[in-house]
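K.L.:
The letter at position 84 of the sequence shown is residue 102 when you use the working numbering, and the numbering goes up by one with no holes.
Here's a structure for you.
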Amino acid sequence: MTLRAVISVIILMCVFTSCENPIWESGKNNDRATKKTGVQNAVFDSIIARKKLRAVTDYGSVSYLIYRGEPIGYQYELLNDLTKHLGVELELVIEGDMQKSIDMLNSNEVDLVAMGLTVTSERSKKFTFTLPIMTTRQVLVQRKPDGYEKMETADEIESHLLRNPLYLANVTINVQQGTIFGKRLRTLSNEIADSIFIIKDEREIEELIAAVANNEIDYTVADEHIAIVNARYYGNIDVQTPLSFPQKIAWAVKKGQTGLADTIDSWLLKFNNSLRARLLYNKYFKNIRSKRIVNSMYNSYSGGQLSPYDDEIKAAADIIGWDWRLLASLVYQESEFKPNVQSWAGAYGLMQLMPSVLEKYGLDSTASPVDQLTAGVNHLIYIQNQLPSEITDSIEQVKFLLASYNCGIGHVFDARRLAEKNGKNPNLWTASVDSCILYLSEKEYYHNTVVYYGYMRGEETFKFVGEIMERYKIYKELINE
């Protein structure tokens, strides 16, 4: 064999090796590892066709919440990373009841349960798990003794806490129904040859942890990573007594939907070994920032507020007749609730009003947050009064108004005329005028005879409206009216 031939063989071997499936390379114990990751079942096909992944998760201080106006959460960020990888949108459903979530999966209402399910052989018979997103243990959540802050030694505190499973004899423990915690306690009861009284509770796990802290119940059981985060909020609880060995936590798809499971596994194999995965885990479970999040009053789960200006935003929303959460979404989009921020173009304040608009309402950069918000909604009303009466749908009218607020009503009128010329409905923003606003950055369109105001960055306005409306949807789900 010639030298050139030898080199060619080596190159071909390298190419084939580099194209191997990451699952095969991993060496991990995966019962689907020998299957082709390109296999697509009906569920996966439908996700790609609709360009949307429907996932169900729970609302809590770790999974999914709003912090300072922005949706965050470990499950939420993981799902966002997955959908970006797949090139689809995320449609998130909130459900705290685990059994209802499983029912939604089995009835095809959702494609994926992303609630941090513990992998068990019994559950594996009912649905298909992905590779683990983490490992954790079950721990006992108990209250520290009264006056623990004044106790001189750690041993004094320890003497009041249950550390040995043998001491669970004749103890009553509330556990969230639908979880595996009750089953684990029954196993422990058998192992210690004594009774453990188990109460199946309808409350979600973080509500049960709060109930322990507030002296409503004595004990509950939680996954360790959830318990540790809550212990940063409730200083009087202890979560250091393990009740199980390390267990796998994973997502679940409908039984037999291996196409979707394989695709997620392929992504997880790469993601779990990435810096992004480590940073994300540390952000929610190790970093000191997680303590600030759970203790913040601007945390939708435990604090119940969006911003320091919720009351002012509510008052301003009354002027225009909006749901205050819609106005809050606009304010966050413009300034992230920062009253002194100024853009490169000179726009200022909570609602990023230009100097000429501020002047119109008798204001300048010294305006208070209240005055900024009042001027902002009055300017919205001014624009609203110029919108065509043919736009009758209230939601569509809001979208046209937001677009006009962002780029100027003249450009929006241009996009309406383009829509009409191209056989689209000029009175619908979604899937009609919104696509035409994108055209206004293309020469062949902004030179069209129906376009009076010329070039504009249509993508900016397109995203502006979409992001505000999507955030508003999230605010409605997670923030009380």
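Every residue, glycine too, gets a C-beta built ideally from N, C-alpha and C.
Computed from a predicted model, the values in this text were never measured in an experiment.
Which residue or residues does DSSP assign as beta-bridge partners of ASN317?
P.N.:
TYR85
K.L.:
Please list the terminal residues of the continuous beta strand (DSSP E) segment that includes ASP236.
P.N.:
First-last for ASP236: undefined, no H or E at that position.
K.L.:
Considering only the alpha carbon of each residue, which of ASP129, LYS461, LEU293 and ILE65 lies closest to LYS272?
P.N.:
ASP129
K.L.:
With 16 as the cutoff for other CB atoms within 10 Å, does TRP116 come out buried or exposed?
P.N.:
The sequence shown places Met at residue 116, rather than the Trp named in the question. Buried: at least 16 other Cβ atoms inside 10 Å.
K.L.:
Could you give the distance in angstroms between the alpha-carbon of VAL157 and the alpha-carbon of GLU167?
P.N.:
23 Å
K.L.:
Give me whichever residues DSSP pairs with GLN194 in a beta bridge.
P.N.:
ASP219
K.L.:
According to DSSP, is GLY367 helix, strand or coil?
P.N.:
coil
K.L.:
Is DSSP giving GLY78 helix, strand or coil here?
P.N.:
Of the three classes helix, strand and coil, the one that applies to GLY78 here is strand, per DSSP.
K.L.:
Here's a check: name, in chain order, each residue in its chain whose Cβ is nearer than 6 Å to the Cβ of MET122, leaving out the five neighbours to either side.
P.N.:
VAL74 and VAL128
K.L.:
Tell me which residue opens and which closes the beta strand (DSSP E) that PHE145 is part of.
P.N.:
145–154
K.L.:
Using the DSSP secondary-structure output, state which residues sit across from GLU499 in a beta bridge.
P.N.:
For GLU499, which the question treats as bridged, DSSP gives no partner whatsoever.
K.L.:
For GLN404, count neighbouring Cβ atoms within 10 angstroms of its own Cβ and tell me buried if that reaches 16, exposed if not.
P.N.:
exposed
K.L.:
With a CB to CB cut of under 6 Å and the five nearest residues on each side skipped, what residues in its chain are close to GLU234?
P.N.:
none
K.L.:
Are the Cβ atoms of LYS70 and GLU107 separated by less than 8 Å?
P.N.:
yes
K.L.:
With 16 as the cutoff for other CB atoms within 10 Å, does LYS118 come out buried or exposed?
P.N.:
Looking at its Cβ environment, which holds fewer than 16 other Cβ atoms inside 10 Å, LYS118 is exposed.
K.L.:
Mark MET315 as exposed unless 16 or more other C-beta atoms lie within 10 angstroms of its C-beta, in which case mark it buried.
P.N.:
exposed
K.L.:
Using CA atoms only, rank isn't needed, just tell me which of THR384, PRO444 and SER386 is closest to SER407.
P.N.:
PRO444
K.L.:
THR55 to ASP283, Cα distance in whole Å?
P.N.:
The pLDDT assigned to THR55 is 43, lower than 50, so where the model puts this residue is not dependable; a value taken from the coordinates is nonetheless given after this. Their Cα atoms are separated by approximately 9 Å.
K.L.:
If you check the beta carbons only, do LEU324 and THR148 fall under 8 Å apart?
P.N.:
no
K.L.:
Strictly under 8 Å for the Cβ-Cβ distance: is TYR423 near chain C by that measure?
P.N.:
Included in the structure is just one protein chain, with no chain C present.
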